[in-house]
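One structure below.
There are 2 protein chains.
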Amino acid sequence: MKKKSKVNIKDVAARAKVHPSSVSRVLNPKTRGMVSEEVAARVMRIAEEMGYSRSPLASGLRTGKSYTVGVVVPDLVNPLFPPIVRGIERVLSDHNYIAILADSDNNRLHEDAILKSMKVRAVDGLILATAHRKDKIVDQCIEEGIPLVLVNRTVDGRDVDSVTTDDAKGIQWAAEHLLELGHRNIAYLGGPTDTSTGNDRYQAFLRMMKASEIKSSRALVHNAKAFNEQAGYDGMMHLLEKGEAFSAVVVANDLLALGCLDALQERGLECPGDISITGFNDMPFMDRLQPALTTLRIPHTQIGREAARLLMAQINEPGRARVALKLDPELIVRGSTAAAGK
Amino acid sequence: MKKKSKVNIKDVAARAKVHPSSVSRVLNPKTRGMVSEEVAARVMRIAEEMGYSRSPLASGLRTGKSYTVGVVVPDLVNPLFPPIVRGIERVLSDHNYIAILADSDNNRLHEDAILKSMKVRAVDGLILATAHRKDKIVDQCIEEGIPLVLVNRTVDGRDVDSVTTDDAKGIQWAAEHLLELGHRNIAYLGGPTDTSTGNDRYQAFLRMMKASEIKSSRALVHNAKAFNEQAGYDGMMHLLEKGEAFSAVVVANDLLALGCLDALQERGLECPGDISITGFNDMPFMDRLQPALTTLRIPHTQIGREAARLLMAQINEPGRARVALKLDPELIVRGSTAAAGK
């Protein structure tokens, strides 16, 4: 997020052809009404384009609160996120707060633009579901002292409030379930390891390979490039092409698992007859697939509620110690897993 | 929404134990910072509780825009709404606007509180997905001159911008598809007729009964009390208990159709072997059910985009004629419908 040269208020004023004091008025919600609507719109657009904001949350210039919180999700259409957003909203509403929601469409440039736009609007804090393990946007918020909570995914090595699922436990339980069913040749299809969800689930499976009776080789451990159906299809095809026998796959999320089922069907293989599959998340309707998906249910709404509670606590008590809250998933056994050699 | 006695600024001040001028400062985003945070929070809470707002959008007191739009959905966890919200956001973002999203949980009291909260925050307009055919909240917005667009559902007999699916066409196409497959005894399971979606789909089926070779009696036409799975299950049980033969059911939405499939399974009936089923919406994963659902796909994202465009046009050109935009659905034929007597 390093800028070639730091943009200041004069640069914005010059581009917008107004006096710097007008830029200052526009970017302060309390004085915006003193400027014509046409000028306000132009200045806000140019300030966003140039990456300028007065960082009201950090500068101490601001004396009031906006009672708004920015919530950024990577993909609102992914059924994982709506119940998390609902949980966030419920708690914010109890505190007289309201959410400004933005969907970044898994695009870092969008995230950057969204963040600027939210800063211009003087949100009192942010809840981000978009974090990568190394994340410049998160770094920037921490440096600027913007109250921040990460949700679903977290970052490496920074002291930040976060609410995630205990991903390692989930993968351990999925693998143990398959071992109990008599499977020993168990493959793993993971997600992008630049996210905490992808990495923590992957590391948990590697630990299970060492500590349990899983006999598969590392050739049957593969991390897909995205958490979606196409990546799941490609990943399962990749595993099948290794030529090494396996009777079960621990899959790192439900969308990947759906792609796996497509690949099996295309190859004339049956689930669970030939290969058992476990997912992660328990998205809506996973009980209605054929076969119904064995998966780890994550406590979506509770994750959202806890994230909003942490943010409210942080806003009201800025020096408060940060908390990394991990919530347990729940193993839901359905038809996609069966006894080995059945 | 008639109040027993109109709440004024003095009532709020008395309850909050502050001078009326402080209430005025708090409720104006431009002067809120002049009051302590503790007082601001208390006044906003009390103003909301008492139903008082300074109606900045209507009063003409306001000279600036907030560049925020309120979006209210009845149930964000219903897969119908996230892609609509995504479409809205994309267009708002192009106009330098941002969405304040609220989920009313199908609760009229929540909707009322949300509306008050958004008015206090001086949104420039509203997009509501929560409309009933007679809707006091919509009436109130129209009376107060708040720019407003209805999405997915609309109201009866008011001149208001709306973007909906052509529900009548969808039901006609579903019925024609079943007639082409040779079905004549076709039942109908609808939704709540106090919504435009429920009513328009119901009326369209009644017209098809008159105009086509459908032979069913009115006993096989039933409207459920909600658009959810439980109501679909109950509705199908109700139809089966009539004792009148039918080989197909036009169902007014996908969630209802899921409940119908559960009821058929419980009664030992097969879909489509014994009874063909059509849904409405094409929610995610409807292609993965067993059988995959024949349904009407609605253009979710486009509905959202068009709604945001209409709102932007209305904000920028207040006297503009209102538009009721109806978008065509698309019939998606899958495994839940088959030839009659097969």
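Protein chains in written order, with the working numbering: chain F, 1 to 342; chain W, 343 to 684.
C-beta atoms are modelled at their ideal positions from N, C-alpha and C, and glycine is treated no differently.
### Message
Is there a Cβ of chain F sitting closer than 8 Å to that of residue 386/W, yes or no?
### Response
yes
### Message
I'd like to know whether the C-beta of residue 79/F is nearer than 8 Å to at least one C-beta of chain W.
### Response
The C-beta of residue 79/F comes closer than 8 Å to at least one C-beta of chain W.
### Message
Tell me the residue span of the alpha helix (DSSP H) that contains residue 248/F.
### Response
Segment 248 to 251 is the beta strand (DSSP E) holding residue 248/F; no alpha helix (DSSP H) there.
### Query
Given that a residue counts as buried once 16 or more other Cβ atoms are within 10 Å of its Cβ, and exposed if not, what is residue 475/W?
Buried is the label assigned to residue 475/W, since at least 16 other Cβ atoms lie within 10 Å of its Cβ.
#### Entry: Top-ranked residue by Cα proximity to residue 570/W, from 583/W, 540/W and 563/W
540/W
#### Entry: Spatial distance of residue 23/F from residue 649/W (CA atoms)
31 Å
### Task
Enumerate in chain order the residues of its own chain whose CB-to-CB distance from residue 400/W is below 6 Å, with the five nearest sequence positions on each side excluded.
Only weak support exists for where residue 400/W lies, its pLDDT of 34 falling under 50; the value from the coordinates is given anyway. So the qualifying residues of the chain are 486 and 487.
### Message
I'd like to know whether the C-beta of residue 233/F is nearer than 8 Å to at least one C-beta of chain W.
### Response
Not an interface residue.
### Query
Would you report the Cα separation of residue 478/W and residue 471/W, rounded to the nearest angstrom?
Between the alpha carbons of residue 478/W and residue 471/W lies a distance of about 14 Å.
### Message
Considering just the uninterrupted stretch of the beta strand (DSSP E) at residue 506/W, what are its terminal residues?
### Response
Segment 503 to 507, the beta strand (DSSP E) holding residue 506/W.
### Query
By how many angstroms is the C-alpha of residue 414/W removed from the C-alpha of residue 310/F?
25 Å
### Message
What does the Cβ neighbour count give for residue 675/W, buried or exposed, with the cut at 16 atoms within 10 Å?
### Response
exposed
### CB contact check: residue 1/F to chain W, cutoff 8 Å
Bear in mind that the predicted position of residue 1/F carries a pLDDT of just 36, short of 50, making it unreliable; the figure below should be weighed with that in mind. Not closer than 8 Å to any Cβ of chain W, the Cβ of residue 1/F fails to qualify, so no.
### Query
What three-state label does DSSP hand residue 564/W in the structure shown?
If DSSP states are grouped into helix, strand and coil, residue 564/W belongs with the strands.
### Query
For the segment 563 to 597 of chain W, which residues have a CB atom closer than 7 Å to at least one CB atom of chain F, in sequence order?
none
### Message
Quick test of your reading: residue 446/W and residue 416/W, contact by CB under 8 Å. State the CB separation rounded to the nearest angstrom.
### Response
Right, their Cβ atoms sit about 6 Å apart.
### Query
What are the boundary residues of the beta strand (DSSP E) that residue 667/W is part of?
666 to 669
### Task
Please state if the CB of residue 67/F and the CB of residue 96/F are separated by a distance shorter than 8 Å.
yes
### Query
Near residue 32/F, what residues of its chain come up, given a Cβ to Cβ distance below 7 Å and the 5 sequence neighbours on each side ignored?
25, 26 and 40
### Limits of the alpha helix (DSSP H) - the one that residue 672/W falls within
It is not in any alpha helix (DSSP H) - residue 672/W instead sits in the beta strand (DSSP E) that spans 672 to 674.
### In chain order, each beta strand (DSSP E) run of at least 3 residues that lies wholly inside the segment 397 to 468 of chain W
Listed in chain order, they are 410 to 415 and 440 to 445.
#### Entry: Per-residue burial, residue 111/F [other beta carbons within 10 Å of its own, 16 or more giving buried]
buried
### Message
Looking at residue 195/F: is its Cβ nearer than 8 Å to the Cβ of residue 278/F?
### Response
no
### Message
Which runs of the alpha helix (DSSP H) at least 4 residues long sit entirely within the segment 473 to 536 of chain W? Give them in chain order.
### Response
478 to 486 and 509 to 522
### Span of the alpha helix (DSSP H) around residue 598/W
596 to 608
### Query
Run through DSSP, which three-state label would residue 643/W get?
If DSSP states are grouped into helix, strand and coil, residue 643/W belongs with the helices.
### Message
So, does the segment 601 to 614 of chain W touch the segment 542 to 562 of chain W, judging by three or more C-beta pairs under 8 Å?
### Response
They do not touch, by the three-pair rule.
### Cutoff 8 Å: residue 428/W Cβ touching any chain F Cβ
yes
### Message
I'd like to know if residue 140/F contacts chain W, where contact means its C-beta is closer than 8 Å to some C-beta of that chain.
### Response
Cβ-Cβ to chain W under 8 Å: no for residue 140/F.
### Query
Name the chain F residues whose beta carbon is nearer than 7 Å to that of residue 468/W?
Those do not exist, as residue 468/W stays about 13 Å from chain F at its closest Cβ, beyond 7 Å.
### Message
With DSSP as the reference, identify every bridge partner of residue 277/F, one or two as the case may be.
### Response
249/F
### Task
Kindly identify the DSSP beta-bridge partner or partners of residue 294/F.
278/F
### Query
Given that residue 627/W touches chain F, what residues does it touch there, using C-beta distances under 7 Å?
285
### Query
Could you give the residue range of the alpha helix (DSSP H) that holds residue 238/F?
229 to 241 is the extent of the alpha helix (DSSP H) around residue 238/F.
### Task
Whole angstroms is fine: what's the gap from residue 139/F's alpha carbon to residue 436/W's?
Computed Cα separation, rounded: 27 Å.
#### Entry: Simplified DSSP state of residue 631/W, which is helix, strand or coil
strand
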